[in-house]
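Inspection log for the structure reproduced underneath, given as structure tokens.
Residue numbers (the numbering used here): 57 to 471.
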């Protein structure tokens with residue numbers, strides 16, 4: 057079943073002139089970056105990466121690696137979001153470092169703005185490139201899968217907003233909690249795409265995570281990151297009037313490493329999110345996710361994530377009832393009746409192929425199953441009545457008898 061998605065993953069890549077599939081079925085993204093002169097660590101604008109083979113920052117809570125797995129360490133001293141420690145935000149030119157014709161601009165000359173998003177159907181990379189009037193030669197998708205995947209989660213997975221939902225007379229305030237941000241800190245302006253895609257919407261996005269906490273802790277006077285300590289947005293954007301005058305404000309939560317419902321910030325009603333999202337999350341691989349899973353189930357907070365592999369997403373889906381049961385058995389007396397009802401009622405956890413996934417199969421050893429950054433979406437908590445897209449993984453998940461065994465299998469697939 058999972059191998060049936062291989063043609064979909066390959067077709068998504070092959071629509072781009074640079075989308076070459078290697079003999080082993082993988083996509084050599086570093087070669088494409090090198091072709092466009094944007095492969096490197098610091099000094100490469102939005103493309104800056106730590107350079108190692110680890111998909112996420114190394115942390116004390118990381119799962120153990122399978123024996124014999126080849127790993128290349130990150131560049132020593134590299135910090136995601138290092139540019140926010142200065143006093144200048146990147147521009148279209150200094151961020152993308154591409155030819156002008158290949159850049160999806162955020163600052164427009166009069167008459168060059170994209171069409172109002174409510175008038176077009178933007179459902180995949182092809183429709184997005186046409187809407188933005190970009191040639192497929194542009195490698196923009198290799199970075200923009202982050203903001204466009206957030207769009208997919210908010211609009212088509214959680215249904216908390218949409219391009220046709222709002223109007224000049226009836227705007228929407230949308231608060232998103234974005235958990236586990238790392239490489240995204242190097243490309244904050246790219247999330248302005250959300251303001252272009254969602255007309256007449258005022259988006260407040262708060263980023264959480266180990267990398268966010270580390271960055272804010274290092275912030276110095278007059279730096280962009282210092283604004284986080286003053287509870288000010290580190291980045292703002294307003295879309296053109298012809299696109300709906302939507303706004304985006306990005307905040308960094310630097311008080312703690314993790315999103316924890318016990319923290320006063322989370323409990324304060326003003327900060328209550330309309331949606332909680334996490335990309336390439338690895339929900340069962342990192343202990344910090346357990347409190348997020350529990351809290352969102354308990355209070356029906358809309359929560360969706362992406363995973364690299366469909367099989368990993370399925371194993372995580374199967375583990376949710378086991379995680380909840382495990383916690384309930386230890387602390388049932390601490391919960392109210394409504395909380396227990398929300399925790400134990402039957403739920404669907406739809407899994408779907410993400411049309412805005414990063415193009416190309418990851419090169420990870422012998423794994424041939426589709427494994428792609430932001431490859432598959434999982435709706436963890438949402439309104440079952442609103443769910444309009446059936447899961448790509450049909451059937452009721454079989455109960456797993458051993459939680460530890462399930463978590464171990466999931467960890468190996470997500471590495």
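Ideal Cβ placement from N, Cα and C applies to all residues, glycine included.
For residue 395, which residues from the same chain have a beta carbon less than 7 Å from its beta carbon, with the 5 sequence-adjacent residues on both sides left out?
354
In chain order, what residues of the same chain have a beta carbon less than 7 Å from the beta carbon of residue 92, not counting five sequence neighbours either side?
154 and 195
With DSSP as the reference, identify every bridge partner of residue 337, one or two as the case may be.
Under DSSP, residue 337 takes part in no beta bridge, so it has no partner.
Taking the beta strand (DSSP E) that residue 231 belongs to, which residues open and close that run?
228–235
Cut-off 7 Å between Cβ atoms - residues of its own chain near residue 162, not counting five sequence neighbours on either side:
Only 148, 245, 248 and 293 meet the Cβ criterion.
Residue span of the beta strand (DSSP E) that contains residue 263, given as start and end
257–264
Quick one: Cα of residue 207 to Cα of residue 369, how far?
19 Å
Taking residue 105 as the reference, which of 233, 59, 80 and 198 has the closest Cα?
198
Can you tell which of 367, 160 and 60 has the C-alpha that lies nearest to the C-alpha of residue 187?
160
Euclidean distance between Cα positions of residue 272 and residue 337
Answer to the nearest angstrom: the Cα atoms are 22 Å apart.
So, are the CB atoms of residue 103 and residue 94 less than 7 Å apart?
yes
In chain order, which beta strand (DSSP E) runs of at least 3 residues are fully inside the stretch 288–339?
Runs found: 291–294, 303–308 and 331–334.
Contact belief for residue 290 with residue 435 at Cβ below 8 Å, rounded distance in angstroms:
No, residue 290 and residue 435 are not in contact; Cβ-Cβ is about 29 Å, not under 8 Å.
Residue(s) in a DSSP beta bridge with residue 427
Bridge partners of residue 427 according to DSSP: 365.
Rounded to whole angstroms, what is the Cα-Cα separation between residue 385 and residue 393?
15 Å
Who pairs with residue 434 in a beta bridge, going by DSSP?
361 and 407
Is residue 69 buried or exposed, if buried means 16 or more other CB atoms sit within 10 Å of its CB?
buried
Three-state secondary structure (DSSP) of residue 183
helix
May I ask you to list the residues that DSSP assigns as paired with residue 104?
Looking at the DSSP assignment, residue 104 forms no beta bridge with any residue, so it has no partner.
Spatial neighbours of residue 146 within its chain, please: CB distance less than 6 Å, with the 5 preceding and 5 following residues excluded, ordered by chain position.
101
Going by C-alpha distance, which of 222, 278, 367 and 284 is nearest residue 258?
Ranked by how close their Cα comes to the Cα of residue 258, the residues 222, 278, 367 and 284 have 222 in first place.
Given residue 67, which residues of its chain have a CB within under 7 Å of its CB, disregarding the five upstream and five downstream residues?
none
Near residue 399, what residues of its chain come up, given a Cβ to Cβ distance below 6 Å and the 5 sequence neighbours on each side ignored?
Beyond the five residues adjoining it in sequence on each side, residue 399 comes within less than 6 Å, by CB distance, of 353, 354 and 380 in the same chain, given in chain order.
Using only the alpha-carbon positions, how far apart do residue 300 and residue 167 sit?
Residue 300 and residue 167: Cα-Cα distance of roughly 15 Å.
Consult DSSP for residue 248 and reduce its assignment to one of helix, strand or coil.
helix
From 426, 173, 239 and 192, residue whose alpha carbon lies closest to that of residue 217
173
Through-space distance from residue 340 to residue 346, alpha-carbon basis:
8 Å
If the criterion is Cβ atoms closer than 7 Å, does the pair residue 75 and residue 415 meet it?
Yes, they are a contact pair.
So for residue 279, helix, strand or coil by DSSP?
coil
Under 8 Å by Cβ, that's how I've got residue 219 and residue 250 pegged, so tell me the actual separation to the nearest angstrom.
That belief does not hold up - the Cβ atoms of residue 219 and residue 250 are roughly 11 Å apart, past 8 Å.
For the 8 Å Cβ check, are there 3 or more pairs between the stretch 322–336 and the stretch 275–287?
The stretch 322–336, when compared against the stretch 275–287, does not touch it at the 8 Å Cβ threshold.
Does residue 223 come out as helix, strand or coil in the three-state DSSP assignment?
strand
What is the rounded straight-line gap between the Cα of residue 390 and the Cα of residue 351?
Answer to the nearest angstrom: the Cα atoms are 13 Å apart.
Using beta-carbon positions only, say whether residue 431 and residue 82 come within less than 7 Å of one another.
For residue 431 and residue 82, no; Cβs fall outside 7 Å.
DSSP on residue 125, reduced to helix/strand/coil?
In this prediction, residue 125 has a pLDDT of 43, which is less than 50 and means its spatial position is unreliable; nothing more can be read from the coordinates.
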